[in-house]
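**Student:**
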Amino acid sequence: MTDWNQTARSVKHATFTIQRTYAAAPARVFAALSTKEAKGKWFSGPAEWTRGKWELDFRVGGREVSAGGPPGGPEHIFVAQYLDIVENSRIIYAYDMFEGEKKLSVSLATFELAAAGKGTRLTLTEHGAFLDGHEDPAQREHGTRWLLEKLGEAL
Amino acid sequence: MLNKRTDGNAARAALDRVFQALADPTRRVMVERLSRGPASVTELAEPFEMSLPSIVQHLQVLEASGLIRSEKVGRVRTCQIGAAALGNAERWISDRRATWERRLDRLGDYLEETDPERPRKKTTNRRRP
Numbered sequence: 086m087t088d089w090n091q092t093a094r095s096v097k098h099a100t101f102t103i104q105r106t107y108a109a110a111p112a113r114v115f116a117a118l119s120t121k122e123a124k125g126k127w128f129s130g131p132a133e134w135t136r137g138k139w140e141l142d143f144r145v146g147g148r149e150v151s152a153g154g155p156p157g158g159p160e161h162i163f164v165a166q167y168l169d170i171v172e173n174s175r176i177i178y179a180y181d182m183f184e185g186e187k188k189l190s191v192s193l194a195t196f197e198l199a200a201a202g203k204g205t206r207l208t209l210t211e212h213g214a215f216l217d218g219h220e221d222p223a224q225r226e227h228g229t230r231w232l233l234e235k236l237g238e239a240l
Numbered sequence: 028m029l030n031k032r033t034d035g036n037a038a039r040a041a042l043d044r045v046f047q048a049l050a051d052p053t054r055r056v057m058v059e060r061l062s063r064g065p066a067s068v069t070e071l072a073e074p075f076e077m078s079l080p081s082i083v084q085h086l087q088v089l090e091a092s093g094l095i096r097s098e099k100v101g102r103v104r105t106c107q108i109g110a111a112a113l114g115n116a117e118r119w120i121s122d123r124r125a126t127w128e129r130r131l132d133r134l135g136d137y138l139e140e141t142d143p144e145r146p147r148k149k150t151t152n153r154r155r156p
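If you read the protein sequences in the order shown, they are chains Y and D.
Taking this note's numbering, the leading residue of the first sequence gets 86, the next gets one more, and so forth.
Taking this note's numbering, the leading residue of the second sequence gets 28, the next gets one more, and so forth.
1) Could you tell me how far apart the beta carbons of Leu193 (chain Y) and Val114 (chain Y) are, in whole angstroms, since I believe they sit closer than 8 Å?
2) Determine the contact status of Lys187 (chain Y) and Asp181 (chain Y), defining contact as a CB-CB distance below 8 Å.
3) Run the CB neighbour count on Glu211 (chain Y), radius 10 Å, all protein chains shown included, and call it buried at 16 or more, exposed below.
4) Does the Cβ of Gln107 (chain D) have 16 or more other Cβ atoms within 10 Å, making it buried, or fewer, making it exposed?
5) For Ala200 (chain Y), is the classification buried or exposed, using 16 other Cβ atoms within 10 angstroms of its Cβ as the cut-off for buried?
6) Taking 8 Å as the CB-CB cut-off, is Asp142 (chain D) touching chain Y?
7) For the segment 183-196 of chain Y, which residues have a beta carbon sitting closer than 8 Å to at least one beta carbon of chain D?
8) Please work out which residues of its chain come closer than 6 Å, Cβ to Cβ, to Leu159 (chain Y), disregarding the five sequence neighbours upstream and downstream, and give them in chain order.
9) Using a C-beta to C-beta distance shorter than 7 Å, which residues of chain Y count as neighbours of Arg123 (chain D)?
10) Would you call the CB atoms of Arg130 (chain D) and Phe128 (chain Y) closer than 8 Å?
11) If you reduce the DSSP assignment to three classes, tell me which class Thr126 (chain D) lands in.
12) So, are the CB atoms of Trp134 (chain Y) and Gly154 (chain Y) less than 8 Å apart?
13) If you run the structure through DSSP and keep just helix, strand and coil, what is Phe128 (chain Y)?
14) Which residue comes first and which comes last in the beta strand (DSSP E) that contains Phe115 (chain Y)?
15) Report buried or exposed for Ser81 (chain D), applying the criterion of at least 16 other Cβ atoms within 10 angstroms of its Cβ.
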């Protein structure tokens, strides 16, 4: 473990959920998640990022690819495969995130749509596996644990 | 290797700002709260009997240290834990979440703009950030 030039292998798992309620029927929300024209209006990186390749084949087994990145910086590439689609109700896809050649993470994203009055409650749950990002000592120095250790020493 | 030395000085200056920020009990409570998830300025102010300007001042010190970051969407400023307080994995999760929060807000804007029942008006009162 002392040879830091070698990529140390590690996996960190995490899950998070985000909910939103929209004043739009589930069919409209579903369309915004599943048609290329609509999805292109809201699904992208930060505004200052350049937009690269973008394709969407919305069917079980179909792929979505979205690339872009900060000007002059490495390209971030999202490559997804749709695993489950229930019209107006549920979408599940698995996706890889790359930064340049480096694979950063593998995730499962689940969108659930439920009618809420006249609108729709959307629940996004992401299960992620963050790859090989733990063992870079220079970056880890900024981590909480290191900070707390230093704080402990100083007190 | 020369770069390492410069990095070291910068890192020490950054660490000084972090310690300074954490030296205050109010700010430690704020960081502790944000480590459990993003919160609005109003939510962060809740446990304290303090004026809003004082709360905002504390948050500015925290933001300058990199312990937290904030974003204003509409009239609400939301704070979340910043890079200086996170390990790589936590930063990744926080970034993924922030990206999704932003996208789902934009989805909301899109749905509102394309609402077939929305009355067509020439002027709009909607405030943009």
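Idealized CB from N, CA, C, for every residue including glycine.
Owing to the predicted nature of the structure, the values given are computational and were not obtained by experimental measurement.
**Tutor:** Taking the definition as stated:
1) Contact doesn't hold; Cβ gap of about 20 Å is too wide.
2) no
3) buried
4) Looking at its Cβ environment, which holds 16 or more other Cβ atoms inside 10 Å, Gln107 (chain D) is buried.
5) exposed
6) yes
7) Here the close residues are Leu189, Ser190, Ser192.
8) The question names Leu, but residue 159 (chain Y) is Pro in the sequence shown. In its chain, beyond the 5 residues on either side, Glu184, Gly185 have a beta carbon closer than 6 Å to the beta carbon of Pro159 (chain Y).
9) Glu211, Gly213
10) Yes, the pair counts as a contact, with Cβ atoms nearer than the cut-off.
11) helix
12) yes
13) coil
14) Taken as a continuous stretch (DSSP letters only), Phe115 (chain Y) belongs to no beta strand (DSSP E), being part of the alpha helix (DSSP H) at 111-119.
15) exposed
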